[in-house]
Amino acid sequence: MHTMVKICGLSTEEGLDAALAHGADMVGFVFFNKSPRHVSLDLASKLSARVGERAVKVLLTVNADDALLAAAIAAVDPQILQLHGRETPERIVSVRARFGLPVMKAIGIAGATDLMQIPLFDAVADLLLFDAKPQQDSTRPGGNGLRFDWSLLRTVQTKKPWLLAGGLNALNVVEAIHATKAQGVDVSSGVETAAGVKDAGKIEAFITNIRAMERLGSAARSA
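With positions in the sequence shown counted from 1, the corresponding number in the working numbering is that position plus 3.
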């Protein structure tokens, strides 16, 4: 089974090239000025053009209004919109209708009660992202390097595909996939040397370990 790999928060040509060279399925660009991974419209446009058709481009925003979404969409020309804030199911419906793009909704998880919102977004979004819920004093809803209890997802069933995020890195991503049966994974801080600074070697190791896991699984099934 192919695991979707998303490298998020890309803000340099070097980081983007590493993600593309090693076979990332999705590349994410952040439009949220409180994030160290925030990119300007001009830079986003240049990075987007560099992607071409080699990966799915994902535009991440946080509680963005229609004007910001329109400007960012014009710069990135994304295939998917990732809404990573406090957007409601009604907002998901509105964004999909207005912009005609698939929407991935991030859901912060810290405990079992947070799972109750999953069906609400499963009904209206095209993809889901389960991320660690930020601490109350955090200025960012994601990209904080936090991990939640993966066992919480054991009984979760969704109609829509979903990705796992939160505290992932090359050393634990295979364990995370086995523990959660995630269809995809999303990493940002786990492939950085500092906040917002992507490391080509860490990106390579992250993706390489996932693909090695897949090959082992394929070999076991055919044996």
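All residues carry an ideal CB built from backbone N, CA and C; glycine is no exception.
Pair within 9 Å by beta-carbon distance, residue i and residue j
i	j	result
Q82	A109	no
V33	V54	no
G193	A173	yes
F102	L72	yes
L155	I112	yes
T64	A75	yes
E56	K201	no
L123	A135	no
E195	K205	yes
H25	I210	yes
Close beta carbons around residue i, own chain, < 8 Å, minus the five adjacent residues each side
i	result
A179	W153, L167, L171, A185, V188
G199	G12, S14, S38, P39, R40
L46	S14
D68	none
V96	V127
G220	M4
Local conformation of residue i per DSSP, three classes
i	result
A173	coil
Q160	coil
K205	helix
H181	helix
L149	coil
M107	strand
A197	strand
K49	helix
D80	coil
A135	strand
Q120	helix
V65	coil
Sequence-distant residues of its chain with Cβ nearer than 6 Å to residue i (five each side left out)
i	result
A182	W153
A27	V8, I10, A58
S48	A78
V169	According to the sequence as given, residue 169 is Gly; it is not Val. Only D134, A135, L149, R150, F151 meet the Cβ criterion.
R157	none
Whole-number beta carbon distance between residue j and residue i, since they are thought to touch under 8 Å
i	j	result
V61	M107	7 Å
E207	A21	7 Å
Cut-off 7 Å between Cβ atoms - residues of its own chain near residue i, not counting five sequence neighbours on either side
i	result
R89	N66
N212	A173, V176, V177
Given 8 Å, three or more beta-carbon pairs between the region 157-165 and the region 129-136: yes
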